[in-house]
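J.:
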Amino acid sequence: MAVPTHKTSKSKRNKRRSHHALKGPTISFNHQTGEYSQSHHYTPKEISQRHGS
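Per UniProt numbering, the very first residue in the sequence shown carries number 1; after that it's consecutive.
(1) Indicate the three-state DSSP secondary structure (helix, strand or coil) for Ser-37 in the structure shown.
(2) Please state if the CB of Ser-28 and the CB of Ser-39 are separated by a distance shorter than 7 Å.
(3) So which of His-20, Ser-37 and Gln-32 has the shortest CA-CA distance to Thr-26?
(4) Distance check for Gly-24 and Asn-30, CA to CA, integer angstroms please.
(5) Helix, strand or coil for Ser-28, going by three-state DSSP, please let me know.
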């Protein structure tokens, strides 16, 4: 089993973790419906417009 020979410093550890941050969803404004939505996702307003309800 592998065992580290030296303790990993806080600096090294934090540099490694710099890419671990979570990103929020990409939201864009739809000019047809006037709503904000995720790309390639239907909004409730778009669904009702397509089905004519």
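Where a beta carbon is used, it is the ideal one built from N, C-alpha and C, also for glycine.
Note that this is a predicted model, so its numbers are computed, not measured.
T.: Reading it off the structure:
(1) For the purposes of this step, residue 37 is taken as the residue at position 37 of the sequence shown. DSSP places Ser-37 in strand when its eight states are reduced to three.
(2) Start at 1 with the first residue of the sequence shown, and residue 39 comes out as number 39. Start at 1 with the first residue of the sequence shown, and residue 28 comes out as number 28. Their beta carbons are under 7 Å apart, which means Ser-39 touches Ser-28 by this criterion.
(3) Sequence index remark: in the sequence shown, residue 26 carries index 26 (1-based). Nearest of His-20, Ser-37 and Gln-32 to Thr-26, Cα basis: Ser-37.
(4) Residue numbering aside, residue 30 sits at position 30 when the sequence shown is read from its first letter. Residue numbering aside, residue 24 sits at position 24 when the sequence shown is read from its first letter. Taking the straight line joining both Cα atoms gives about 18 Å.
(5) Within the sequence shown, numbered from 1, the residue matching residue 28 stands at position 28. DSSP places Ser-28 in strand when its eight states are reduced to three.
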